[in-house]
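What follows is a short report on a single structure.
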Amino acid sequence: MLAVASACSGGGSSGSSSVPPIGGTPGPPPQSPPPPRVVREHVKHVVIVVQENRSFDNFFHGFKGADTADYGYTHDGTRVALRPASLSGQDLSHGWQDALNDWNQGKMDRFDENRLGNGQQAGRYAYQYVDRRYIEPYWSMAEQYVLADDMFPTEFGGSFTAHIDLIAATSNLRSDLAEVDSPTQTPWGCDAPPGTKTSVIDTARDETIGAGPFPCFTQFSTLAKLMDNAHVSWAYYAPQVGGQDAGGRVWSEFDAIAPIRNGHDWSRNVISPPRRVLSDISAGKLPSVTWVIPDWQNSDHAADRGGSGATGGPSWVASIVNQIGESQYWDSTAIVVVWDDWGGWFDHVPPPQLDFRGLGERVPCIVVSAFARKGYVSHTEYEFGSIVQLVEEVFGLPSLSSLGLGGGYTDQRAYTMTDVFNFKQPARKFRRIDAPMSRAYFLAQPPSGRAPDDE
């Protein structure tokens, strides 16, 4: 366990006063990734489980072999010891400006200036970690399989662009302009109310609220298009939002991709509620590539106005892992569990700056597979493009840029995640992940009707 380096102290200003050059390169390369043909021989299914709003330090403080911190610094240079907390509690602001401010030219010392859900300044509240006992299933997965301690979102900011990057590996409208933060109205995507606008950032990292297009995009290529072209099956499990009065709108990032929302894929491949993934696995209907987005109550999201947060997440993810582990798919599936953004919580590792979008603050990532290295902590510098690249490598797909639509794709520059596997070992026998809530609980759980996040 590492303490925060001295570079995390001090003041300085945030914002665009010192913008890193565009077109950087990733950091430490992976160690001995297996050849693509070996990966394809063993991995036939990739399941991407997306959770909400947690930094690496917030969830894996003190994990053996991982880069974590015991303390951080505030904007005035005060050293603050990280304190344990439960999974409940107030939400923190976590938009573009918050992320840029927290980063503070790599000093990582302004998390105290984030805002709580009630509007008050976060102060030392942002400097806490979740006690292991509240998230034991995650620790159990990490100890048995692979924990990546250098996973970074492609972009500073919250869920909207993070989820775009998990299907498209870019948020660029042009080479000098990218989507940022949330649309001006909900629900997101092509189902947004008329007049809804998005916001944009330029290469100087200046944000213009409401200056972007309606959130129904034709500018991005996505993995869905690559997979459709190659006849690779896929599904995106996501919750409905707004209840019956909202017409069954689905909180899926593919709602913001016009060719998907207005095409056959929407009714065929976008599936709600997310608990259907459990019954589909047991019925032998797991697609080749699957994204799973949680209901709010299972998302790990803190409470937005005080009170109790979403506490079902660890058990929800365990139910998915257990369902796969006890099915015909165990020996052929790679499960990637990733959190979409840092949620405003302290993290001490300065994200490398590869272009004007980011990378954003570090998030946890767990890889579960019969061929995952046992108890391995990967220090390879991953980004969300690495997850996209994993899918491309497993199924022999070309880069997203090959579709000739837009730019800024990160799947080509990102390091492969295949170094987490050891195919020289026989497939490991699955050992069930203990969790407070069972598969039966989630199959019977009424939907909340709430979006997992609106920032």
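Just so you know, the sequence shown maps onto residues 74 to 528 in the numbering used here.
A virtual CB, placed ideally from N, CA and C, is assigned to each residue, including glycine.
{"Asked": "Euclidean distance between Cα positions of Val-314 and Ala-524", "Found": "6 angstroms"}
{"Asked": "Candidates Tyr-488, Gly-433, Ser-459: closest to Arg-127 by CA position", "Found": "Gly-433"}
{"Asked": "Where Glu-125 falls, given that 16 or more other Cβ within 10 Å makes a residue buried", "Found": "buried"}
{"Asked": "Residues near Gly-357 by beta carbon distance below 6 angstroms, same chain, minus five either side", "Found": "none"}
{"Asked": "Beta-carbon separation (whole angstroms), Tyr-144 vs Ala-154, contact threshold 8 angstroms", "Found": "5 angstroms"}
{"Asked": "Span of the beta strand (DSSP E) around Phe-327", "Found": "It is not in any beta strand (DSSP E) - Phe-327 carries neither H nor E in the DSSP assignment."}
{"Asked": "Extent of the continuous beta strand (DSSP E) to which Val-461 belongs", "Found": "Unbroken run through Val-461 is the alpha helix (DSSP H), 457 to 467; no beta strand (DSSP E)."}
{"Asked": "Phe-515 to Ala-508 span [Cα, whole Å]", "Found": "12 angstroms"}
{"Asked": "Distance between Gln-498 and Asp-527 (C-alpha atoms, nearest Å)", "Found": "43 angstroms"}
{"Asked": "Residues that DSSP places opposite Tyr-482 in a beta bridge", "Found": "Bridge partners of Tyr-482: none, in fact."}
{"Asked": "6 angstroms CB neighbourhood of Thr-291 in its chain, flanking five on each side removed", "Found": "Ala-331"}
{"Asked": "Buried versus exposed call for Asp-428 [16 or more other C-beta atoms within 10 Å across all chains shown]", "Found": "buried"}
{"Asked": "Burial state of Gly-262 (16 or more Cβ within 10 Å)", "Found": "buried"}
{"Asked": "Three-state secondary structure (DSSP) of Cys-263", "Found": "helix"}
{"Asked": "Counted within 10 angstroms of its Cβ, other Cβ atoms place Glu-114 as buried (16 or more) or exposed", "Found": "exposed"}
{"Asked": "Distance between Pro-367 and Thr-257 (C-alpha atoms, nearest Å)", "Found": "23 angstroms"}
{"Asked": "Residue(s) in a DSSP beta bridge with Ala-445", "Found": "Phe-494"}
{"Asked": "Identity of the residue in Ala-172, Gly-231, Arg-247 nearest Ser-255 by Cα", "Found": "Gly-231"}
{"Asked": "Contact check, Gly-479 vs Thr-227, beta carbons under 8 angstroms", "Found": "no"}
{"Asked": "Tyr-200 - DSSP class collapsed to helix/strand/coil", "Found": "coil"}
{"Asked": "Alpha-carbon spacing of Lys-271 relative to Tyr-218, whole angstroms", "Found": "One detail in the question is off: residue 271 reads as Thr in this sequence, not Lys. Computed Cα separation, rounded: 39 angstroms."}
{"Asked": "Coil, strand or helix - Asp-149 by DSSP", "Found": "coil"}
{"Asked": "Inter-residue spacing [alpha-carbon to alpha-carbon] between Ile-121 and Val-390", "Found": "11 angstroms"}
{"Asked": "CA nearest to the CA of Asp-529, picked from Val-112, Leu-463, Arg-512, Gly-416", "Found": "Only positions 74 to 528 of the chain appear in the structure, and residue 529 is not among them; the question remains open."}
{"Asked": "Contacting residues, own chain, Cβ-Cβ under 6 angstroms from Val-350 (five flanking each side not counted)", "Found": "Tyr-310, Val-365"}
{"Asked": "Three-way DSSP call (helix, strand, coil) for Met-214 in this model", "Found": "helix"}
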